[in-house]
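Peer 1:
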Amino acid sequence: MCGLEQSEDTGVVFRDPLWSAETVPGYDVPGWFVLRARRHAERVTGLNEAELASFGPRARDLVAAVTEATGAPATYLLAFGENHRHFHVLVTARGADVPADRRNGDILRLRTERADPAAAARLVPEVRRAHLRLAGEAGRAPVA
Numbered sequence: 001m002c003g004l005e006q007s008e009d010t011g012v013v014f015r016d017p018l019w020s021a022e023t024v025p026g027y028d029v030p031g032w033f034v035l036r037a038r039r040h041a042e043r044v045t046g047l048n049e050a051e052l053a054s055f056g057p058r059a060r061d062l063v064a065a066v067t068e069a070t071g072a073p074a075t076y077l078l079a080f081g082e083n084h085r086h087f088h089v090l091v092t093a094r095g096a097d098v099p100a101d102r103r104n105g106d107i108l109r110l111r112t113e114r115a116d117p118a119a120a121a122r123l124v125p126e127v128r129r130a131h132l133r134l135a136g137e138a139g140r141a142p143v144a
């Protein structure tokens, strides 16, 4: 997760001083994004006060933007922290076409079944526009 600081901006929805939201190789299913702390922090307990205060609004705005851009009937916010010891959450749009045995926690099975890096990349500009508009409408300064 720390290495994503050097990634191309093409997959980035937003970056501010504390948070970044982007597509991530290996999780490049259309409608899937990672919201991660920009500095290294392990688990939610490793976040500082500024990160804690801003996490909720950033997560809400990203989930709303992904939901709007994809039209998904459900959008999940998942946090595990075992494989990547850097605080992040996975935002996953769950389309109506996703069968019952791939919903809730089982949605992670789609990581390989529906991986499509090109389609995931094509969705980024639409999510970026929705995020910019939604974050601005909520009275928060839009993020770079």
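Its first residue numbered 1, the sequence shown is counted upward by one per residue in the UniProt record's numbering.
Cβ coordinates follow ideal geometry from the N, Cα and C atoms, glycine included.
(1) Determine the closest residue to LEU110 out of PHE14, GLY11 and TYR27, with distance taken between C-alpha atoms.
(2) Taking buried to mean at least 16 other C-beta atoms within 10 Å of its own C-beta, is ARG94 buried or exposed?
(3) Which same chain residues end up closer than 7 Å to ALA64 when comparing Cβ atoms and leaving out the 5 residues on each side of it in sequence?
(4) Classify LEU18 as helix, strand or coil using the three-state DSSP reduction.
(5) Grouping DSSP H, G and I as helix and E and B as strand, with all else coil, what is THR67?
(6) With DSSP as the reference, identify every bridge partner of TYR27, one or two as the case may be.
(7) Where does LEU108 sit, in a helix, a strand or coil, going by DSSP?
(8) In chain order, what residues of the same chain have a beta carbon less than 7 Å from the beta carbon of GLU126, not counting five sequence neighbours either side?
(9) CB LEU108 to CB LEU78, shorter than 9 Å?
(10) Let's see if you can read the secondary structure: which residues bound the beta strand (DSSP E) around PHE33?
(11) Skipping 5 residues on each side, what residues in its chain have a beta carbon closer than 8 Å to that of VAL98?
(12) Along the chain, where does the beta strand (DSSP E) that runs through ALA41 open and close?
Peer 2: If we stick to the structure as given:
(1) TYR27
(2) buried
(3) LEU134
(4) coil
(5) helix
(6) TYR27 pairs with nothing; no bridge assigned.
(7) helix
(8) ALA69
(9) yes
(10) 32 to 37
(11) ILE107 and LEU110
(12) Neither: ALA41 is in no beta strand (DSSP E) and is coded neither H nor E.
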